[in-house]
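Engineer: Sending over a structure as structure tokens; questions will come in a sec.
Protein chains: 2
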Amino acid sequence: MERVRTTELAAHVGERVAMHGWLHRLRRLGGINFLALRDGWGIAQAVIDDPEELAKVAPLHDESVLALEGLVTAEPQAPGGYELRDTRVRVLVPAEEPPPFELNKRVLKPSLDVFLEHAPIGLRHPQKRAIFRLGAGIVHAFRSYLRSQGFTEIQSPKLVEAATEGGANVFPVDYLGRTAYLAQSPQFYKQIMVGVFERVFEVGPVFRAEPHNTARHINEYVSLDVEMGFIHDHHTVMGLLTEVIRAIIQHLAESHREELALLDAHLPSVPEIIPSVYFPDALEMISQATGRDVRGEPDLAPEDERWLGAWAEAEHGSDWVFVTGFPLAKRPFYTHPDPGDPTYSNSFDLLFRGTELVTGGQRLHRYGDYVAALESRGIDPTPFASYLEVFRHGMPPHGGFAIGLERFLMQLLGLGNIREATLFPRDLTRLSP
Amino acid sequence: MERVRTTELAAHVGERVAMHGWLHRLRRLGGINFLALRDGWGIAQAVIDDPEELAKVAPLHDESVLALEGLVTAEPQAPGGYELRDTRVRVLVPAEEPPPFELNKRVLKPSLDVFLEHAPIGLRHPQKRAIFRLGAGIVHAFRSYLRSQGFTEIQSPKLVEAATEGGANVFPVDYLGRTAYLAQSPQFYKQIMVGVFERVFEVGPVFRAEPHNTARHINEYVSLDVEMGFIHDHHTVMGLLTEVIRAIIQHLAESHREELALLDAHLPSVPEIIPSVYFPDALEMISQATGRDVRGEPDLAPEDERWLGAWAEAEHGSDWVFVTGFPLAKRPFYTHPDPGDPTYSNSFDLLFRGTELVTGGQRLHRYGDYVAALESRGIDPTPFASYLEVFRHGMPPHGGFAIGLERFLMQLLGLGNIREATLFPRDLTRLSP
């Protein structure tokens, strides 16, 4: 008998089918025994009439692994509209103890700390796993759109000889007797690969040895990186990013309705043109509106981002707003200056619901400009020799961006902590599970 | 004027178009100046008649970045059948010196060492970049097939508290004052996630601190990992793997003809059922055929793999052969024994053209079996506590496999060294570029 998934019952009404999964819940209601079976995709209800069958499951702990067999019946009262009747049970693997917390409540009760401690079990909760299925959807749509635009996927090394930004916050690795570092970003490699493929993307882990403990930072996260050649300036990159975001939201809307409903999440719309504010103008607007004088500040504070998010929502009905032209001195050395005013840069952040989600911009593409930029910042160019080599051999104007996957999920779902959007977060205190 | 790619000329005959790219070669043949322009996808030929235009490009080093404009003309003699005439040239970024080796020869001349030293430039060579476009194709087809079968993509942490196999060969990381390790595989996480999604896959870096220097090992590589629940035994996994391989080969055949031709690569066919040999039988066959008595050996030596590859080719016309039932003691502690003879295991290797490409098998799924397996191997279970926890809460029979991406490319293309199939290899001596 072929196995049928819990989400496929509608196609099998009147047939006897096999289902596999976990004992999500067994309860007696109005004299009837209902077994909720959870498999990898959903939950289905089975009615257990036969005392012999009931005797098999009654003593089991939740999460025991079962094989059921029964008659698929339309039942408007059943969750999903179908249930299994005349159910026979085979216990494949009994659980040895009750779960550390109740996985069959609509919302999980334990604190985040307790949840994370037992994440290998807790992630089985339908709401929790929905988060990560949405994460997989984001990554899929990201790749799929970029492939359709001629981008090639790359896999760059995570063990590197030098820190990407020439700064601190890198994890040292004992590499066969030498010191290596964990890559903070695939920045150098994606730029190098523009010389090869013109258009590249990468989905991979990045590592930040920042010893802070906030609700929106973790020390290892998944970065969705893009880089493209032959751009006009950073606006070309912002145009691409807008379409990437649009493709992701559209894919979630089309293919992840159930997960979104389970999490009571509301997808943002993506305007044809995302509103954009020039950095100095943003500071001016914030100063005038709030009375807090932020003119001359080198960067946006979190409250500034929130103000701009609210402004974009109120003025443009947009969950999204670009801020462009950050001061050059505050951006990494490879950032291209604004040709009209080199105090500022051809860079941007994309804020989503008042929080920075994406950073990007145009990069320098001439060797001499790199040498000058490193020198003016007092950075030793030696460790960057093989990165700098490509700029002696013809690099087109290029730029790109990076989206933090967990940050995206957190903002999209209104989660209070980025750890809720990370399968197994790494932070000041957590290296396991 | 919209930019047209070098591979799109056929659709624009009779039009004036813009093309962007790199000066691949400029040469004079029979009194005509031909400029080969390489962009991210191919190479197109442009005829330069006007002495003023010629004067712009004649002094340039190869790899200078150009914008061309010209009339697309069908020309049977031109590579690809089309060329640009009446060409106007704009030099976007002149190269500052000649490339470290000639990128416009059909085959690159330098030694592997010299090539790797200058890989950021060398990868622009059409044959070299074809290798990595095929790599991207493998990864795409892998994901695409698995998604179609209900698998969910996961991203597991690469910073871990304990070594996966409880053994050596892990890179230690200075993690904010503690010692962490780089994950040798996502094994524990993919098993944990079977409890959540039933079917999962991951594409990500893995790290092996093995201090050897061979043509088929590197210290960081890309692992294509799969794990699935509710299997009968390892044969269920082998069935899935066969279809994954079939989907990959089919995708390359359909979407990567040009890259395959450029590399003179011949795709293997994938038999309906890949031939399979039981490990003890394999040793018996090898012993009888070669006179080398390998009966009782705990594992296959490289020459044994080659013999089995040749046998599968001769006997079954197959580039592929499964070896099943490796001795349990030689496989990791989570390996499921053969219920019929627990000296052996429900594990397999898939050999491709005489080299191990994939390792996989059924895993233990009961808590007590894990405790016993760790104890019998003298491995301290403490560091595995949160991994082991899931087996107290109902884990179905499950199994999976891992394909090494670079190894696959190497075997598929007949490359002599795995470093040729790795963008920026990490080994005993290489941490850069």
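Quick note, the sequences are listed as chains A and B, same order.
Final position of the first sequence in the numbering used here is 433; the numbers increase by one with none missing.
Final position of the second sequence in the numbering used here is 1433; the numbers increase by one with none missing.
Note that beta-carbon positions come from the ideal geometry of N, C-alpha and C, so glycine has one too.
Taking a contact to mean a Cβ-Cβ separation below 8 Å, would you say A:G229 touches A:H398 in this structure?
Structural biologist: Going by C-beta atoms, A:G229 is nearer than 8 Å to A:H398.
Engineer: Mind reading off the beta-carbon distance from B:H1140 to B:H1251? Whole number of angstroms is fine, and I expect it under 8 Å.
Structural biologist: With a Cβ gap of about 7 Å, B:H1140 and B:H1251 count as contacting.
Engineer: With DSSP as the reference, label B:E1220 as helix, strand or coil.
Structural biologist: In this structure, B:E1220 counts as strand in the three-state DSSP scheme.
Engineer: Can you list the residues of chain A that B:G1204 reaches, using a CB-CB cut of under 8 Å?
Structural biologist: Ordered by position in chain A, the residues that pass the 8 Å Cβ test against B:G1204 are G204, P205.
Engineer: Return no unless some Cβ of chain A is closer than 8 Å to the Cβ of B:M1001.
Structural biologist: No, its Cβ sits nowhere closer than 8 Å to a Cβ of chain A.
Engineer: Would you say B:H1212 reaches chain A, if we count a Cβ-Cβ gap shorter than 8 Å as a contact?
Structural biologist: So no, B:H1212 is outside the interface.
Engineer: Go to B:W1311, then tell me how far its alpha helix (DSSP H) extends in each direction, as first and last residue.
Structural biologist: Per DSSP, B:W1311 belongs to the alpha helix (DSSP H) from 1302–1316.
Engineer: What residues from chain B crowd round A:Y387, counting only those whose CB sits closer than 8 Å?
Structural biologist: Result: P1120, P1433.
Engineer: If you pair each beta-carbon of the stretch 126–146 of chain A with each one of the stretch 1113–1131 of chain B, do three or more pairs fall below 8 Å?
Structural biologist: Taking 8 Å as the limit for Cβ pairs, the verdict is that the stretch 1113–1131 of chain B does not touch the stretch 126–146 of chain A.
Engineer: Could you please give the first and the last residue of the uninterrupted alpha helix (DSSP H) stretch that includes B:A1136?
Structural biologist: Taken as a continuous stretch (DSSP letters only), the alpha helix (DSSP H) holding B:A1136 covers 1126–1148.
Engineer: Taking the alpha-carbon positions, what's the A:I379 to B:P1120 distance?
Structural biologist: Taking the straight line from one Cα to the other gives about 22 Å.
Engineer: List the endpoints of the continuous beta strand (DSSP E) containing B:L1029.
Structural biologist: Start and end: 1016–1029.
Engineer: Report the three-state DSSP secondary structure of B:I1043 (helix, strand or coil).
Structural biologist: Strand.
Engineer: Specify the secondary structure class of A:L260 as computed by DSSP and reduced to three states.
Structural biologist: Helix at A:L260.
Engineer: Determine which residues of the stretch 1361–1381 of chain B have a Cβ less than 9 Å from any Cβ of chain A, and write them out in chain order.
Structural biologist: Cβ contacts with chain A come from H1365, R1366, Y1367, G1368.
Engineer: Grab me the residues of A:G309's own chain with a C-beta within less than 6 Å of its C-beta, minus the 5 sequence neighbours each way, in chain order.
Structural biologist: Excluding residues within five positions, the ones whose Cβ falls inside 6 Å are L351, R353, G354.
Engineer: Count the other CB atoms within 10 Å of the CB of A:L29; is the residue buried (16 or more) or exposed (fewer)?
Structural biologist: With fewer than 16 Cβ atoms within 10 Å of its Cβ, A:L29 is classed as exposed.
Engineer: How many whole angstroms separate the CB atoms of A:V277 and A:V222, which I take to be in contact at a CB cut-off of 8 Å?
Structural biologist: The Cβ separation is near 28 Å, so there is no contact.
Engineer: Out of curiosity, what's the CA-to-CA distance linking A:E52 and A:S64?
Structural biologist: So the alpha carbons of these two residues sit roughly 18 Å apart.
Engineer: Would you report the Cα separation of A:V13 and A:V358, rounded to the nearest angstrom?
Structural biologist: Roughly 47 Å between the two C-alpha positions.
Engineer: Residues in its own chain within less than 7 Å of B:P1100 by CB, not counting five upstream and five downstream?
Structural biologist: Excluding sequence neighbours, B:P1100 sits near H1118, I1121.
Engineer: Check whether the Cβ of A:M285 lies closer than 8 Å to any Cβ atom in chain B.
Structural biologist: False, the Cβ-Cβ gap to chain B never drops below 8 Å.
Engineer: Could you tell me whether the Cβ of B:E1145 comes closer than 8 Å to any Cβ of chain A?
Structural biologist: Glu is not the amino acid found at residue 1145 of chain B; the sequence shown has Tyr there. No, because no Cβ of chain A sits closer than 8 Å to the Cβ of B:Y1145.
Engineer: Report the start-end ranges of each alpha helix (DSSP H) in the stretch 177–254 of chain A that is 4 residues or longer and not cut off at the edges.
Structural biologist: Whole alpha helix (DSSP H) segments, 4+ residues: 187–197.
Engineer: Which stretch, first to last residue, makes up the beta strand (DSSP E) that contains B:Y1278?
Structural biologist: 1276–1278 is the span of the beta strand (DSSP E), which, as asked, contains B:Y1278.
Engineer: What first and last residue would you give for the beta strand (DSSP E) that runs through A:D369?
Structural biologist: No beta strand (DSSP E) contains A:D369, which is instead part of the alpha helix (DSSP H) from 367–376.
Engineer: Assuming contact is defined by CB atoms lying nearer than 8 Å, are B:V1173 and B:L1159 in contact in what I supplied?
Structural biologist: Contact: yes.
Engineer: Using the three-state DSSP reduction, which class does B:T1087 fall into: helix, strand or coil?
Structural biologist: Of the three classes helix, strand and coil, the one that applies to B:T1087 here is strand, per DSSP.
Engineer: Could you please tell me which residues of the stretch 168–189 of chain A, in chain order, have their CB closer than 8 Å to any CB of chain B?
Structural biologist: The residues in question are F171, P172, V173, D174, Y175, L176, R178, A180, L182, Y189.
Engineer: A:G416 versus chain B: which residues are under 9 Å apart at the beta carbon?
Structural biologist: In chain order: nothing, as chain B lies at least about 21 Å away.
Engineer: Would you list, in chain order, the members of the stretch 394–424 of chain A that have their beta-carbon closer than 8 Å to a beta-carbon of chain B?
Structural biologist: Result list: G394, M395, P396, P397, L405, L423, F424.
Engineer: Please list the terminal residues of the continuous beta strand (DSSP E) segment that includes B:V1323.
Structural biologist: Counting along the chain, the beta strand (DSSP E) containing B:V1323 begins and ends at 1320–1324.
Engineer: Starting from the Cα of A:E96, find the closest Cα among B:Y1334, B:F1391, B:M1410 and give me that residue.
Structural biologist: Ranking the options by Cα distance to A:E96, first place goes to B:F1391.
Engineer: Tell me, please, whether the CB atom of A:L240 is closer than 8 Å to any CB atom in chain B?
Structural biologist: No, A:L240 does not count as interfacial toward chain B.
Engineer: How would you call A:S156, buried or exposed, if buried means at least 16 neighbouring beta carbons within 10 angstroms?
Structural biologist: Buried, because 16 or more other Cβ atoms sit within 10 Å of the Cβ of A:S156.
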